[in-house]
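Colleague: Pasting a structure here, questions to come.
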Amino acid sequence: MDIGIFGAGAIGCFLGTRLSAAGEAVRLLARPDVVAVADRLEATDHAGHVARSSGLVASEDPDVLRGVAVCLVTVKSQDTAAAVETLASRLGPDALVVSFQNGLDNAKKLDAGLAGPAVQGIVTYNVYRDGPAATRQATMGKLVIGRDKRAAAIQDRLVRALRRAGERVDVVDDIEGEVAGKLLINLNNGVCAATGLPIAAALRDRDARTVFADCMAEGARVFAAEGVTPVSPYAVPIRVIPTALRLPNGIVLRIAKGLVAAHPSAKSSTLQDLERGRKTEIGDLNGAVVERARRLGIACPANTAVVDAVREHEAAIERGEAPRFLAAATLRRRAQK
Numbered sequence: 021m022d023i024g025i026f027g028a029g030a031i032g033c034f035l036g037t038r039l040s041a042a043g044e045a046v047r048l049l050a051r052p053d054v055v056a057v058a059d060r061l062e063a064t065d066h067a068g069h070v071a072r073s074s075g076l077v078a079s080e081d082p083d084v085l086r087g088v089a090v091c092l093v094t095v096k097s098q099d100t101a102a103a104v105e106t107l108a109s110r111l112g113p114d115a116l117v118v119s120f121q122n123g124l125d126n127a128k129k130l131d132a133g134l135a136g137p138a139v140q141g142i143v144t145y146n147v148y149r150d151g152p153a154a155t156r157q158a159t160m161g162k163l164v165i166g167r168d169k170r171a172a173a174i175q176d177r178l179v180r181a182l183r184r185a186g187e188r189v190d191v192v193d194d195i196e197g198e199v200a201g202k203l204l205i206n207l208n209n210g211v212c213a214a215t216g217l218p219i220a221a222a223l224r225d226r227d228a229r230t231v232f233a234d235c236m237a238e239g240a241r242v243f244a245a246e247g248v249t250p251v252s253p254y255a256v257p258i259r260v261i262p263t264a265l266r267l268p269n270g271i272v273l274r275i276a277k278g279l280v281a282a283h284p285s286a287k288s289s290t291l292q293d294l295e296r297g298r299k300t301e302i303g304d305l306n307g308a309v310v311e312r313a314r315r316l317g318i319a320c321p322a323n324t325a326v327v328d329a330v331r332e333h334e335a336a337i338e339r340g341e342a343p344r345f346l347a348a349a350t351l352r353r354r355a356q357k
């Protein structure tokens, strides 16, 4: 099966490498730095197993995606409109598009703008770049894809291909709840970006963890007001996580190992964007909670503080300055005003 990947960041390269190593025909729309190393891409999973690209085709030319049966979209949320414009003339009406993006509405935008079906997917684990040609899975997790009867046969083929590549995959009817749960967990991306802390360090810092807990609690209130029930990507129920995060370090590190078991080098994609001088997805993460809370009249100080801090960092980068990351204690004080 020809599988296209629109977006050669960490997730796109990780999935593309694993799928090609499992024998799938993978075509990757990529930047020049990825094209240059496409024949030696490596993807290391959480257990340490290494997959190496085999026959993967990478190109800067969007026509590399023309006629694929499936296209996985892994670009930033702010690039979804550009993805629609690029894919509209290159994918057939039977092609299935799966959005493996952060945020809440990307699949809907893709579905509205393309001739074929687009469905929502989520990646419940973190992946980071571990060198020019290497990606590494930092946390345990799985892929979740929304069931779509319009494309049942091709979706089944994709799921089988992903499983052959070593992925755990769930296909669910209630993808909205899964996406809401993933967004609540992804609110830590903003905390990491505001403070400059890697994922593991942020989860081991009680001040940063408290801000994360407050952000999650605010997001949960917003979803409750909208009638959405978030589904936890972990064995721990979503409603329990904010309470667990607020506990002292010794207790959290002992009873919630799954929440803090990130690789020490792993950084959130939002922090990585700042470090590379790029615009972040903060508006589709903590910013999405802030905007929905505003419409509903719900107080949202923690997420607002995180968004404001990351926007300050983005503004500094635009001025040619390095972002001045906040101490976790400072962010906590701002978040609790």
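Residue 57 in my numbering sits at position 37 of the sequence shown; the count goes up by one each step and never skips.
Ideal placement from N, C-alpha and C gives every residue a C-beta, glycine not left out.
On a predicted model such as this, the values are computed, not experimentally measured, just so you know.
(1) Kindly indicate which three-state DSSP category Gly216 falls into: helix, strand or coil?
(2) If you follow the beta strand (DSSP E) that Ser79 is part of, which residue opens it and which one closes it?
(3) From Phe232, Glu44, Lys169, pick the residue whose C-alpha is nearest to that of Asp354; which is it?
(4) Residue ranges of each alpha helix (DSSP H) run of no fewer than 4 residues wholly in the stretch 179-254, ordered along the chain?
(5) Which residue or residues does DSSP assign as beta-bridge partners of Glu62?
(6) If I'm right that Glu80 touches Ala50 with Cβ under 8 Å, what's the distance once you round it to whole angstroms?
(7) Are Asp293 and Ala228 touching if we call contact CB-CB under 9 Å?
(8) Is Asp194 buried or exposed, if buried means 16 or more other CB atoms sit within 10 Å of its CB?
(9) On the CB-based measure, 16 or more other CB atoms within 10 Å of its CB, does Arg312 come out buried or exposed?
(10) Using 9 Å as the threshold, is the C-beta distance between Ala221 and Pro284 below it?
(11) From Ala63 to Ala41, what distance separates their C-alpha atoms?
(12) Kindly indicate which residue of Arg296, Pro253, Asn209 has the alpha-carbon position closest to the one of Met160.
(13) Can you tell me whether His69 is buried or exposed, with buried defined as 16 or more other CB within 10 angstroms of its CB?
(14) So, with DSSP's three-state summary, where would you put Phe26?
(15) Would you mind reading off the limits of the alpha helix (DSSP H) that contains Leu107?
(16) Go through its chain and collect everything with a Cβ distance to Gly216's Cβ below 6 Å, but skip five positions before and after it.
(17) If you pair each beta-carbon of the stretch 143-162 with each one of the stretch 173-180, do three or more pairs fall below 8 Å?
(18) Would you check if the distance between the CB atom of Ala255 and the CB atom of Tyr148 is smaller than 9 Å?
(19) Note down the Cα distance separating Gly270 from Ile23, rounded to an integer number of angstroms.
(20) Indicate the three-state DSSP secondary structure (helix, strand or coil) for Gly43 in the structure shown.
(21) Please report the Cβ distance between Val164 and Val192, rounded to the nearest whole angstrom; I am assuming they are in contact, meaning their Cβ atoms lie under 8 Å.
(22) Flag this pair as yes or no: are the beta carbons of Ala28 and Val54 separated by less than 9 Å?
(23) When you compare the CB positions of Ala115 and Val90, do they come within less than 9 Å of one another, or not?
(24) Looking at the strands, I want to know which residues DSSP matches up with Ser119.
(25) Using CA coordinates, which residue listed in Glu238, Arg314, Thr300 is at the minimum distance from Gln356?
(26) Among residues of its own chain, excluding the 5 on either side of Pro250, which ones have a beta-carbon nearer than 7 Å to its beta-carbon?
(27) Which of the three DSSP states is assigned to Val57 in this structure?
(28) Hey, is the stretch 123-130 in contact with the stretch 179-191, meaning 3+ C-beta pairs nearer than 8 Å?
(29) Based on Cα-Cα distance, which residue from Cys33, Ala325, Leu351, Pro343 lies nearest to Gly151?
(30) Measure from the alpha carbon of Cys235 to the alpha carbon of each residue in Val248, Leu207, Ala336, Val179, then state which is nearest.
(31) How close, in whole Å, do the beta carbons of Val77 and Val88 come, if the pair is a contact with beta carbons under 8 Å?
(32) How would you call Thr263, buried or exposed, if buried means at least 16 neighbouring beta carbons within 10 angstroms?
(33) I'd like to check one pair, Asn209 with Ser97: are the Cβ atoms closer than 9 Å?
(34) Using the C-alpha atoms, what's the distance from Thr230 back to Asp131?
(35) Considering only C-alpha positions, which residue in the set Val93, Lys299, Gly307, Leu267 is nearest to Ala336?
(36) Kindly indicate which residue of Arg180, Ala101, Asp190 has the alpha-carbon position closest to the one of Met21.
Modeller: Based on what the coordinates show:
(1) Here residue 216 corresponds to residue number 196 of the sequence shown, with the count starting at 1. Correct three-state label for Gly216: coil.
(2) Along the sequence shown, one-based indexing puts residue 79 at 59. Note, Ser79: beta strand (DSSP E), 77-79.
(3) Looking up residue 354 in the sequence shown gives position 334. The sequence shown places Arg at residue 354, rather than the Asp named in the question. Of Phe232, Glu44, Lys169, the residue nearest in Cα terms is Phe232.
(4) 195-215, 219-223, 226-246
(5) Position 42 of the sequence shown, counting from 1, holds the residue named residue 62. Partner(s): Arg72, Ala154.
(6) By 1-based counting over the sequence shown, the position of residue 80 is 60. By 1-based counting over the sequence shown, the position of residue 50 is 30. Indeed they touch by this definition, with Cβ atoms about 7 Å apart.
(7) Here residue 293 corresponds to residue number 273 of the sequence shown, with the count starting at 1. Here residue 228 corresponds to residue number 208 of the sequence shown, with the count starting at 1. For Asp293 and Ala228, no; Cβs fall outside 9 Å.
(8) What you label residue 194 is simply residue 174 of the sequence shown in a count that begins at 1. It counts as exposed.
(9) In the sequence shown, counting from the first residue as 1, residue 312 sits at position 292. Classification for Arg312: buried.
(10) Within the sequence shown, the letter at position 201 stands for residue 221. Within the sequence shown, the letter at position 264 stands for residue 284. Taking 9 Å as the cut-off, the beta carbon of Ala221 is found closer than this to the beta carbon of Pro284.
(11) Translated into the one-based positions of the sequence shown, residue 63 becomes position 43. Translated into the one-based positions of the sequence shown, residue 41 becomes position 21. Distance between the alpha carbons of Ala63 and Ala41: 10 Å.
(12) Reading the sequence shown from its first residue, position 140 is the one you call residue 160. Considering only alpha carbons, the answer is Pro253.
(13) Sequence index remark: in the sequence shown, residue 69 carries index 49 (1-based). His69 is exposed by the Cβ-count criterion.
(14) If you number the sequence shown from 1, residue 26 lands on position 6. In the structure shown, Phe26 sits in a strand (DSSP, three-state: E or B).
(15) Taking the first residue of the sequence shown as position 1, residue 107 is located at position 87. That run of the alpha helix (DSSP H) goes 100-108.
(16) Against the sequence shown, residue 216 aligns to sequence position 196. So the list reads Phe345, once near-sequence residues are dropped.
(17) Touching, no.
(18) Taking the sequence shown and counting its residues from 1, one reaches residue 255 at position 235. Taking the sequence shown and counting its residues from 1, one reaches residue 148 at position 128. Not a contact, by the Cβ cut-off of 9 Å.
(19) Counting from one through the sequence shown, the residue named residue 270 turns up at place 250. Counting from one through the sequence shown, the residue named residue 23 turns up at place 3. One C-alpha to the other measures close to 45 Å.
(20) For this step, residue 43 is matched to residue 23 along the sequence shown. Gly43 falls in the coil class under three-state DSSP.
(21) Counting from one through the sequence shown, the residue named residue 164 turns up at place 144. Counting from one through the sequence shown, the residue named residue 192 turns up at place 172. With 8 Å as the limit, Val164 and Val192 qualify as a contact, their Cβ atoms being about 6 Å apart.
(22) To locate residue 28, count along the sequence shown from 1; it is residue 8. To locate residue 54, count along the sequence shown from 1; it is residue 34. In contact: Ala28 and Val54 (Cβ atoms closer than 9 Å).
(23) Translated into the one-based positions of the sequence shown, residue 115 becomes position 95. Translated into the one-based positions of the sequence shown, residue 90 becomes position 70. Yes, the pair counts as a contact, with Cβ atoms nearer than the cut-off.
(24) For the purposes of this step, residue 119 is taken as residue 99 along the sequence shown, with counting starting at 1. For Ser119, which the question treats as bridged, DSSP gives the partners Val93, Gln140.
(25) The residue labelled residue 356 in the question sits at position 336 within the sequence shown. Per the Cα distances, Glu238.
(26) Here residue 250 is taken as the residue at index 230 of the sequence shown, counted from 1. Contacts found: Gly197, Ala200, Gly201, Leu204, Ala240, Phe243, Ile258.
(27) For the purposes of this step, residue 57 is taken as the residue at position 37 of the sequence shown. Three-state DSSP puts Val57 in coil, outside helix and strand.
(28) The stretch 123-130 vs the stretch 179-191: no contact.
(29) The count along the sequence shown starts at 1 and reaches residue 151 at position 131. Taking only the C-alpha atoms, the option nearest Gly151 is Cys33.
(30) In the sequence shown, the residue the question calls residue 235 occupies position 215. Residue Leu207 is the option with its Cα nearest to Cys235.
(31) What you label residue 77 is simply residue 57 of the sequence shown in a count that begins at 1. What you label residue 88 is simply residue 68 of the sequence shown in a count that begins at 1. Incorrect: roughly 11 Å between the Cβ atoms, too far for contact.
(32) Here residue 263 refers to the residue found at position 243 of the sequence shown. Thr263 should be labelled exposed.
(33) Numbered from 1 along the sequence shown, position 77 holds the residue referred to as residue 97. Numbered from 1 along the sequence shown, position 189 holds the residue referred to as residue 209. Their beta carbons are not under 9 Å apart, which means Ser97 does not touch Asn209 by this criterion.
(34) Reading the sequence shown from its first residue, position 111 is the one you call residue 131. Reading the sequence shown from its first residue, position 210 is the one you call residue 230. Each residue's Cα considered, the two are about 37 Å apart.
(35) Taking the first residue of the sequence shown as position 1, residue 336 is located at position 316. Considering only alpha carbons, the answer is Lys299.
(36) In the sequence shown, residue 21 corresponds to position 1, counting from 1. Comparing Cα-Cα distances from Met21 to each of Arg180, Ala101, Asp190, the minimum goes to Arg180.
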